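> To start, I am sharing the structure in question, which I have written as structure tokens.
In our numbering, the protein residues as written are 283 to 554.
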């Protein structure tokens, strides 16, 4: 009996000694696992990852693909000053950094001013007290577009050599602020059809239009470009953005042909 009590006491002392050790070991294992997970998470955003800030200016406009028969001559074209700012990240897929995936956010302007001579050009003008007149116009049309977008590019990047990268993919854009206005002048608008009642615009007379509320809120398209590595931090780049859906909503009828946003961008970037 005495021997059993001594054995039980011995086992109790051993248990009290081992229990804190096991708890400490489990705590160390838990901390090690958490540290490893945190390290893996941090490495994803730091290892083989480049960050850039960019500034650009754009030349282009919104245009039909091909010149419609109604547009007889482009009297003038002004791309206006269109600027953009972007931050992006490139995640290289391997340590040799040959292929990577780039995404980011870009705030950009898209705009233009045009003056064209047209014939039997279907359009809509605003009259007094909100009245709108639709018809076929022969004469001159001036257009001003000034839109602001937030753009989300998704690109594949290929490291050609130590000086050049090329990239391509798609972009998604959301309209922040839109302005598409203009007027017709020095011509005749025939209401309803090409032989309808004529409305003449002579000397300083003009018929104004505002299609800003008809702009498509969402645009998407293709993007391809290249960048030159001046040094370890400075980049020079150029890329082409080609819209693949129309500038206006699907039910918009005041212009009879689709218009697409096509812009060539130039700029510089700083790599962190």
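Where a beta carbon is used, it is the ideal one built from N, C-alpha and C, also for glycine. Computed from a predicted structure; not experimentally measured.
1. Measure the C-alpha to C-alpha separation of residue 357 and residue 508 and round it to an integer number of angstroms.
2. For residue 335 and residue 524, I'd like the C-alpha separation in whole angstroms.
3. In the DSSP assignment, what residue or residues form a beta bridge with residue 344?
4. Can you tell me the Cβ-Cβ gap for residue 386 and residue 435, rounded? I've got them flagged as a contact below 8 Å.
5. Residue 410: which of 353, 489, 473 sits nearest, CA to CA?
6. Tell me the rounded alpha-carbon separation between residue 332 and residue 383.
7. Between the beta-carbon of residue 601 and the beta-carbon of residue 367, is there less than 9 Å?
8. Determine the burial state of residue 491: buried for a count of at least 16 other Cβ atoms within 10 Å of its Cβ, exposed for fewer.
9. Going by C-alpha distance, which of 401, 528, 344, 511 is nearest residue 443?
10. If distances are taken between C-alpha atoms only, which option among 548, 465, 376 comes closest to residue 408?
11. Determine, using beta carbons only, whether residue 500 and residue 455 come nearer to each other than 9 Å.
12. Using a Cβ-Cβ cut-off of 8 Å (strictly less than) and excluding sequence neighbours within five positions of residue 445, which residues of its own chain qualify?
13. Excluding the 5 residues flanking residue 542 on each side, which residues of the same chain have their C-beta closer than 6 Å to its C-beta?
Taking the coordinates as given:
1. Per the coordinates, the alpha-carbon of residue 357 lies some 33 Å from the alpha-carbon of residue 508.
2. Looking at the two C-alpha atoms, the distance is approximately 22 Å.
3. Paired residue(s): 543.
4. Here residue 386 really is in contact with residue 435; their C-beta atoms are around 6 Å apart, less than 8 Å.
5. Nearest option by C-alpha distance: 489.
6. The alpha-carbon atoms of residue 332 and residue 383 are separated by roughly 10 Å.
7. The question about residue 601 has no answer, for the chain in this structure spans 283 to 554.
8. With 16 or more other Cβ atoms within 10 Å, it is buried.
9. The residue with the shortest Cα to Cα distance from residue 443 is 511.
10. Comparing Cα-Cα distances from residue 408 to each of 548, 465, 376, the minimum goes to 465.
11. In this structure, residue 455 lies closer than 9 Å to residue 500 by Cβ.
12. Contacts found: 510, 511.
13. Within the same chain, residue 542 has close Cβ partners 525.
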